[in-house]
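K.L.:
Under full-length UniProt numbering, the first residue of the sequence shown carries the number 1, and numbering increases by one thereafter.
Glycine included, C-beta positions come from ideal geometry on N, C-alpha and C.
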Amino acid sequence: MELLLTDFLDRAVTVYGTKEAIIDQDGYAHTYNEVYKRVQQLSHGLSSLGVEKGDRVAYLAPNTLEMYEGFYGVFQTGGIMVSLNTRLKPEDYRFILDHSGSKVLFVDYELVPLIEPIVEQLDTVEHIIVHGEEEDKNGMPGYENWLASFPDSDFPRADVKENDTATLLYTSGTTGNPKGVMLTHRNNYLHALSIQHHLRVSDQDKLIHILPMFHVNGWGSPFYYTANGATQIMQKKVIPEEILEKAHKHNATVMHMAPTVLNGLISKYHETKPETPDNMRLVIAGSAPPKAFVKEIEEEIGWEFYQVYGMTESSPLSTASYISTEEEYEGDDYYAAKAKAGLEVIGTKVRVVDEEGEEVAKDGKEVGEVIVKGPGVMKGYWKNEEETNRTLRNGWLYTGDMGTVDGYGRIAITDRKKDIIISGGENISSIEVESVFYDHDEIQEAAVIALPHEKWGETPHAIIVRKEGSELSEDEIISFSREKLAHFKCPTAVTFLEELPKTASGKIQKVKLRNLAVEES
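What follows is the structure, encoded as structure tokens:
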């Protein structure tokens with residue numbers, strides 16, 4: 001039996017057909033039977049546009065019913081889902097759409113301005129359809145009328161195999177252009193089976209989709225919550241008061257989010273003291289929060305804090321921060337343990353190794369690189385064999401993250417080997433940002449590092465060497481970057497130096513720059 005992601009919706013329809021499946025942004029509930037029929041219409045529609053097995057179908061959308069049904073509608077045709085980050089610039093979309101060779105693009109009506117400047121430049125996109133619209137918009141068909149023109153009879157599915165690519169996800173790397181991560185049906189399927197266990201997913205759950213579904217398929221949540229017949233509540237934008245209101249109204253049981261979103265929820269909670277469900281689980285991925293923060297959530301608010309760790313290339317989750325029966329902690333050490341990346345999940349091996357590939361001491365102190373092996377590890381990078389071979393070695397995924405492991409096998413992430421900045425849960429390539437500054441006539445040298453930020457976790461900080469005679473200001477540099485990059489990628493502050501510290505080989509010593517910037521901040 002091939003392990004195909006379409007199995008999950010099939011099961012939900014068989015067992016939970018009349019149950020509320022999706023509650024859309026407007027509060028309208030759709031049963032699994034109703035969603036299934038819309039998915040059939042979508043697959044018929046895609047087929048009419050010439051989509052066949054292996055074709056790429058791109059989605060630029062927040063968390064909506066239309067985004068959710070895209071996964072299953074695309075999979076039935078044998079197509080590959082290309083989910084686009086909604087916070088990029090038009091030029092970023094042009095690169096990804098062309099590089100992936102996407103044939104069809106679905107875009108939310110609020111995000112149409114992001115793709116209008118590049119429509120005429122796209123090499124492979126043949127059709128653009130607008131979510132949230134009934135009538136045509138600027139020559140682009142409105143989704144609802146387009147969908148309604150196709151039958152809801154069972155679509156004759158393509159002959160898909162479990163090792164065929166299902167999703168193509170673009171992630172920032174140490175080079176300027178993002179890399180397309182190929183995840184197969186098998187990758188996503190077995191990841192779902194493991195993670196649903198560790199997150200204790202069941203048909204009793206009501207999930208609020210806060211984590212964007214474009215972000216590593218929402219950590220795979222549309223797969224394992226669907227397989228279990230859970231109710232899924234859509235949340236298009238991060239509006240803390242709206243999220244808290246929905247949690248109470250629908251008696252939600254679980255939410256996935258980045259640490260910055262959780263910070264906003266906590267602040268709003270203390271401000272308004274709303275009624276919230278008693279059995280709420282918060283699943284968080286990102287840098288480890290202070291143990292006092294975890295304690296506050298669990299003791300003062302009464303929610304369960306659950307830290308996980310992973311990366312796009314591993315489908316994505318590889319560890320979970322539950323406390324095993326073998327671990328013994330007292331007082332605040334319990335919360336410190338929960339804040340770490342956690343223990344390897346079932347079906348995945350996680351190791352911490354030194355530069356020779358040998359495992360570091362399990363003392364929670366010796367630092368090494370975190371490597372991962374398991375069925376969730378990607379097929380490779382799309383059209384990038386060199387990066388694939390660099391990242392996948394002897395069956396192991398080298399994450400580029402640095403960490404420690406203790407005697408219980410609990411992983412803690414200490415730093416990133418790559419110069420990736422994680423701001424608000426989004427990856428930013430420091431090299432991409434640096435390259436923009438080298439286009440400025442008055443900048444001699446530039447380096448970009450991560451600095452801690454109360455709201456975003458961390459943000460880019462620029463270290464600039466001005467050309468002789470230049471009086472370039474901090475505001476001018478930040479404004480220049482905002483003209484070239486998505487705003488979340490831009491520095492929030494600038495430090496000026498006469499020269500950048502370098503090694504004998506000419507490599508910039510970013511450790512020294514970080515220490516300097518921290519002292520100044």
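Return the first residue and the last residue of the beta strand (DSSP E) that Asp401 is part of.
P.N.:
Looking up residue 401 in the sequence shown gives position 401. It spans Trp396 to Val405 - the beta strand (DSSP E) in which Asp401 sits, taken as one unbroken run.
K.L.:
Quick one: what does DSSP say Pro240 is sitting in, helix, strand or coil?
P.N.:
Indexing the sequence shown from 1 puts residue 240 at position 240. Looking at Pro240 - three-state DSSP - the assignment turns out to be helix.
K.L.:
Can you give me the Cβ contacts of Gly347 inside the same chain, cut-off strictly under 7 angstroms, excluding the 5 residues immediately before and after it?
P.N.:
Taking the sequence shown and counting its residues from 1, one reaches residue 347 at position 347. The residues are Leu190, Ser194, Gly374 and Pro375.
K.L.:
Measure the alpha-carbon distance for Thr503 versus Lys510 and round it to whole angstroms.
P.N.:
Residue mapping note: residue 503 aligns to position 503 of the sequence shown, counting from 1. Residue mapping note: residue 510 aligns to position 510 of the sequence shown, counting from 1. Unreliable placement is indicated for Thr503, whose pLDDT of 46 sits below 50; the coordinate value is still reported in the next sentence. Taking the straight line joining both Cα atoms gives about 10 angstroms.
K.L.:
Figure out for me which residue from Gly50, Leu207, Ile284 and Arg410 has the closest Cα to the Cα of His250.
P.N.:
Residue mapping note: residue 250 aligns to position 250 of the sequence shown, counting from 1. Of the candidates Gly50, Leu207, Ile284 and Arg410, the one whose C-alpha sits nearest the C-alpha of His250 is Leu207.
K.L.:
By Cβ distance below 8 angstroms, which residues in the same chain neighbour Lys379 in space, the five residues on each side in sequence not counted?
P.N.:
The residue you call residue 379 lines up with position 379 of the sequence shown. Closer than 8 angstroms at the Cβ level, and outside the excluded window around Lys379, lie Asn163, Thr165, Met182, Leu183, Thr184 and Asn187.
K.L.:
Taking only three categories from DSSP, how would you classify Leu105?
P.N.:
Counting from 1 along the sequence shown, the entry for residue 105 is found at position 105. Reduced to three states, the DSSP call for Leu105 is strand.
K.L.:
Put Gly364 into one of helix, strand or coil per three-state DSSP.
P.N.:
For the purposes of this step, residue 364 is identified with residue 364 of the sequence shown, where counting begins at 1. Residue state, collapsed to three classes: coil.
K.L.:
For Leu111, does the three-state DSSP call read helix, strand or coil?
P.N.:
Along the sequence shown, read from residue 1 onward, the residue named residue 111 stands at position 111. Here Leu111 sits in helix by DSSP.
K.L.:
Quick check on residue 523: does DSSP put it in helix, strand or coil?
P.N.:
Shown here, the chain extends from 1 to 521; a query on residue 523 therefore has no answer.
K.L.:
So, at 6 angstroms on beta carbons, what are the nonlocal neighbours of Gln196 in its own chain, with the 5 sequence-adjacent residues on each side left out?
P.N.:
Mapped onto the sequence shown, residue 196 falls at position 196. Closer than 6 angstroms at Cβ, skipping near neighbours: Tyr224.
K.L.:
May I have the straight-line CA-CA distance separating Asn33 from His131, to the nearest angstrom?
P.N.:
Here residue 33 is taken as the residue at index 33 of the sequence shown, counted from 1. Here residue 131 is taken as the residue at index 131 of the sequence shown, counted from 1. Rounded to whole angstroms, Asn33 to His131 spans 21 angstroms at the Cα level.
K.L.:
Assuming the contact rule is C-beta atoms closer than 8 angstroms, Asn217 and Ser83 should be a hit. Round their C-beta distance to whole Å, please.
P.N.:
The residue you call residue 217 lines up with position 217 of the sequence shown. The residue you call residue 83 lines up with position 83 of the sequence shown. Confirmed, about 7 angstroms.
K.L.:
Give a yes or no on whether the C-beta atoms belonging to Val125 and Gly79 are separated by under 8 angstroms.
P.N.:
Sequence index remark: in the sequence shown, residue 125 carries index 125 (1-based). Sequence index remark: in the sequence shown, residue 79 carries index 79 (1-based). Not a contact, by the Cβ cut-off of 8 angstroms.
K.L.:
Which first and last residues belong to the alpha helix (DSSP H) in which Val511 is found?
P.N.:
Counted from its first residue, the sequence shown places residue 511 at position 511. Segment Lys510 to Glu520, the alpha helix (DSSP H) holding Val511.
K.L.:
For Asn427, which of helix, strand or coil comes out of DSSP?
P.N.:
Working through the sequence shown from its first residue, we reach residue 427 at position 427. Asn427 falls in the strand class under three-state DSSP.
K.L.:
Give me the Cα-Cα distance between Ile301 and Tyr334, rounded to the nearest whole angstrom.
P.N.:
For the purposes of this step, residue 301 is taken as residue 301 along the sequence shown, with counting starting at 1. For the purposes of this step, residue 334 is taken as residue 334 along the sequence shown, with counting starting at 1. If you take the alpha carbons of Ile301 and Tyr334, they lie about 17 angstroms apart.
K.L.:
Taking 7 angstroms as the cut-off, does the CB of Leu472 come closer than this to any heavy atom belonging to the ligand SAM?
P.N.:
Within the structure as shown, the ligand SAM is missing, as the structure has no ligands at all.
K.L.:
My assumption, with CB atoms under 8 angstroms, is that Lys295 sits in contact with Asp354. Please give the rounded CB distance.
P.N.:
For the purposes of this step, residue 295 is identified with residue 295 of the sequence shown, where counting begins at 1. For the purposes of this step, residue 354 is identified with residue 354 of the sequence shown, where counting begins at 1. With 8 angstroms as the limit, Lys295 and Asp354 do not qualify as a contact, their Cβ atoms being about 34 angstroms apart.
K.L.:
Could you tell me the alpha carbon to alpha carbon distance between Gln40 and Trp146, rounded to whole angstroms?
P.N.:
Counting from 1 along the sequence shown, the entry for residue 40 is found at position 40. Counting from 1 along the sequence shown, the entry for residue 146 is found at position 146. When rounded, the distance between both Cα atoms is 13 angstroms.
K.L.:
For Pro141, count neighbouring Cβ atoms within 10 angstroms of its own Cβ and tell me buried if that reaches 16, exposed if not.
P.N.:
Start at 1 with the first residue of the sequence shown, and residue 141 comes out as number 141. Buried: at least 16 other Cβ atoms inside 10 Å.
K.L.:
Give the range of the alpha helix (DSSP H) segment to which Gly310 is assigned.
P.N.:
If you number the sequence shown from 1, residue 310 lands on position 310. It is not in any alpha helix (DSSP H) - Gly310 instead sits in the beta strand (DSSP E) that spans Glu304 to Gly310.
K.L.:
So the alpha helix (DSSP H) Val261 belongs to, where does it begin and stop?
P.N.:
Within the sequence shown, numbered from 1, the residue matching residue 261 stands at position 261. Pro259 to Thr272 is the span of the alpha helix (DSSP H), which, as asked, contains Val261.
K.L.:
Closest to Asp154 by C-alpha separation, out of Leu9, Pro178 and Glu358, would be which residue?
P.N.:
The residue given as residue 154 occupies position 154 in the sequence shown. Comparing Cα positions, the closest option is Leu9.
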